[in-house]
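Peer 1:
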Amino acid sequence: MTSFSLPIYLAETLEPKIRGRLGLFPTAFGNFGILICFVAGNLFEWRGLAAIGILLTFPFLLVIWIVPETPRWYISQRKIRKARASLQWLRGKNCDISKEMDELCNIKNSDRKLKMFTNLHLKVFVIVLGLMFFQQFSGINAIIFYTTQIFEESGSSLDASLCTAIIGIVNFISTFVAAVVVDRLGRKILMYISCIIMGNMLAILGIYFFLLKVRQVDLKSVEWLPLTCFILYVLGFSFGLGPIPWLMMGEVLPAAVRGPAASICASFNWTCTFIITKTFPLLVESIGAHYAFWFFSLIMICSLVFLKLFVPETKKRTLEDIERILTTK
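Numbering (my numbering), first residue to last: 294 to 622.
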């Protein structure tokens, strides 16, 4: 539930000039959770990991009690006074919110349920589903979940657990790098860079495992290559294709269908995650790791075409401007 409600909350409350930077923070801290699991997994059994996960939820619960509901939600419920109070709390007591409040009050809220699958909204819906598809079919969760096993299969003498921890650190830090530049370069540029880096690294990994497993070539002289490729691959993912689809989900979905549409998109994302993580070992066993990596590399090429043809740039635009552009006939 948090995976779809938090991006919407941030999109509806943050100002356009900082929405990109702060909107990537949930992914950054999610990556921090992955890093904790990588490190703690070597120190505790599963009960200890579960206890850590429970403890980490308490600060989040405290924050929920403090922050207000979004002004846009209050307006959709025709609670204008509460919407004004919420916006004032979010912007600061000395900030003039009259202009922004007037813009929010112009949002149309009629026929919310009936608008879900109109042609104009369906186009935006498909854009978000496409981003979620390419995010997961980049193979990221298969590689994150099976990092240790992949390193062991690579024949490298480097410690697999240490390499896994390095991947977790890179995954965490690189999202903050993206947060610094996302409102300068834009969402699409970062995703272009992300997909190009990931596609190339996956192709190189495919070549490495093909030479190692099929051609039986001695690759001791380049045993550092898998770790380097994984670092750049995870860096590329965390730089763009990892956090930005979640950010854009909250930005591009129209107000009238944002809640239910986001829940469907998040469910689709987690379904893709389940499919990839469950089928990756079978894929490696049946066709080999090299073909599995090449398959994901091909998906990255397709993602570039999708980004070019269908995905809009939302940098520094208000949600109302984005909705107006995407739902104009």
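Just so you know, even glycine gets a beta-carbon here, dropped at the ideal spot from N, CA and C.
1. Check the C-beta distance from residue 468 over to residue 536 and give it rounded, since I have them as a contact under 8 Å.
2. Among 614, 558, 518, which one has its Cα closest to the Cα of residue 425?
3. Tell me which residue opens and which closes the alpha helix (DSSP H) that residue 491 is part of.
4. Which term fits residue 484, buried or exposed, when burial requires 16 or more other beta carbons within 10 angstroms of its beta carbon?
5. In whole angstroms, what is the alpha-carbon distance linking residue 507 and residue 565?
6. Whole angstroms is fine: what's the gap from residue 577's alpha carbon to residue 514's?
7. Please state whether DSSP places residue 620 in a helix, a strand or coil.
8. Please list the terminal residues of the continuous alpha helix (DSSP H) segment that includes residue 611.
9. Can you tell me whether DSSP reads residue 430 as helix, strand or coil?
10. Excluding the five sequence neighbours on either side, which residues of its own chain have a C-beta within less than 6 Å of the C-beta of residue 318, listed in chain order?
11. Hey, residue 495 and residue 593 are a contact pair by Cβ (cut 8 Å); roughly how many whole angstroms apart?
12. On the DSSP letters alone, give me the boundaries of the alpha helix (DSSP H) that residue 551 sits inside.
13. Helix, strand or coil: which one does DSSP assign to residue 363?
14. Would you identify the three-state DSSP class for residue 546, choosing helix, strand or coil?
15. Rounded to whole angstroms, what is the Cα-Cα separation between residue 606 and residue 551?
16. Would you call the region 295-309 and the region 595-613 touching, i.e. three or more CB-CB distances under 8 Å?
17. Could you tell me whether the Cβ atoms of residue 435 and residue 533 are closer together than 8 Å?
18. Let me know if residue 324 comes out buried or exposed under the rule of 16 or more other beta-carbons within 10 Å of its beta-carbon.
19. From residue 543 to residue 454, what does the alpha carbon distance come to, in whole angstroms?
20. If you draw a straight line from the alpha carbon of residue 369 to that of residue 473, how long is it in whole angstroms?
21. From residue 326 to residue 333, what does the alpha carbon distance come to, in whole angstroms?
22. From what residue to what residue does the alpha helix (DSSP H) around residue 377 run?
23. From residue 456 to residue 478, what does the alpha carbon distance come to, in whole angstroms?
24. For a quick check, are the C-beta atoms of residue 383 and residue 451 less than 8 Å apart?
25. Beta-carbon within less than 8 Å of residue 586's beta-carbon, same chain only, minus the 5 sequence neighbours each way: which residues are those?
26. Could you pull out every residue in the same chain whose Cβ sits closer than 8 Å to the Cβ of residue 505, ignoring the five residues on either side in sequence?
27. So, for residue 591: in the same chain, excluding its five sequence neighbours on each side, which residues have a beta-carbon less than 6 Å away from its beta-carbon?
Peer 2: Judging by the given coordinates:
1. Locating residue 468 in the sequence shown gives position 175, counting from the first residue. Locating residue 536 in the sequence shown gives position 243, counting from the first residue. Contact holds; Cβ gap of about 6 Å.
2. Within the sequence shown, numbered from 1, the residue matching residue 425 stands at position 132. Nearest option by C-alpha distance: 558.
3. Within the sequence shown, residue 491 is the residue found at index 198, counting from 1. Residue 491 -> alpha helix (DSSP H) spans 480-502.
4. Working through the sequence shown from its first residue, we reach residue 484 at position 191. It is buried - the Cβ of residue 484 has at least 16 other Cβ atoms within 10 Å.
5. For the purposes of this step, residue 507 is taken as residue 214 along the sequence shown, with counting starting at 1. For the purposes of this step, residue 565 is taken as residue 272 along the sequence shown, with counting starting at 1. Each residue's Cα considered, the two are about 29 Å apart.
6. Sequence index remark: in the sequence shown, residue 577 carries index 284 (1-based). Sequence index remark: in the sequence shown, residue 514 carries index 221 (1-based). Taking the straight line joining both Cα atoms gives about 24 Å.
7. Position 327 of the sequence shown, counted from the first residue, corresponds to residue 620. Coil.
8. Translated into the one-based positions of the sequence shown, residue 611 becomes position 318. Neither: residue 611 is in no alpha helix (DSSP H) and is coded neither H nor E.
9. The residue you call residue 430 lines up with position 137 of the sequence shown. In this structure, residue 430 counts as coil in the three-state DSSP scheme.
10. Working through the sequence shown from its first residue, we reach residue 318 at position 25. Answer for residue 318: no residue qualifies.
11. The residue labelled residue 495 in the question sits at position 202 within the sequence shown. The residue labelled residue 593 in the question sits at position 300 within the sequence shown. Correct: roughly 7 Å between the Cβ atoms.
12. Here residue 551 corresponds to residue number 258 of the sequence shown, with the count starting at 1. Start and end: 551-580.
13. As a working note, residue 363 is residue 70 in the sequence shown. Coil.
14. Numbered from its first residue, the sequence shown carries residue 546 at position 253. Coil, per DSSP.
15. For the purposes of this step, residue 606 is taken as the residue at position 313 of the sequence shown. For the purposes of this step, residue 551 is taken as the residue at position 258 of the sequence shown. Approximately 18 Å, taken between the alpha carbons.
16. yes
17. Here residue 435 is taken as the residue at index 142 of the sequence shown, counted from 1. Here residue 533 is taken as the residue at index 240 of the sequence shown, counted from 1. No; because the gap between Cβ atoms is not below 8 Å, this pair is not in contact.
18. On the sequence shown, position 31 is the one that residue 324 refers to. Classification for residue 324: buried.
19. Position 250 of the sequence shown, counted from the first residue, corresponds to residue 543. Position 161 of the sequence shown, counted from the first residue, corresponds to residue 454. Roughly 36 Å separates the two Cα atoms.
20. Taking the first residue of the sequence shown as position 1, residue 369 is located at position 76. Taking the first residue of the sequence shown as position 1, residue 473 is located at position 180. Computed Cα separation, rounded: 32 Å.
21. By one-based count along the sequence shown, residue 326 stands at place 33. By one-based count along the sequence shown, residue 333 stands at place 40. Cα to Cα, the separation comes out at about 10 Å.
22. In the sequence shown, the residue the question calls residue 377 occupies position 84. Note, residue 377: alpha helix (DSSP H), 373-384.
23. Position 163 of the sequence shown holds residue 456. Position 185 of the sequence shown holds residue 478. About 31 Å.
24. In the sequence shown, the residue the question calls residue 383 occupies position 90. In the sequence shown, the residue the question calls residue 451 occupies position 158. No, the pair does not count as a contact, with Cβ atoms beyond the cut-off.
25. Residue mapping note: residue 586 aligns to position 293 of the sequence shown, counting from 1. 432, 495, 496, 498, 499, 502.
26. The residue labelled residue 505 in the question sits at position 212 within the sequence shown. Here the set comprises 447, 448, 512.
27. The sequence position of residue 591 within the sequence shown is 298, counting from 1. Contacts found: none.
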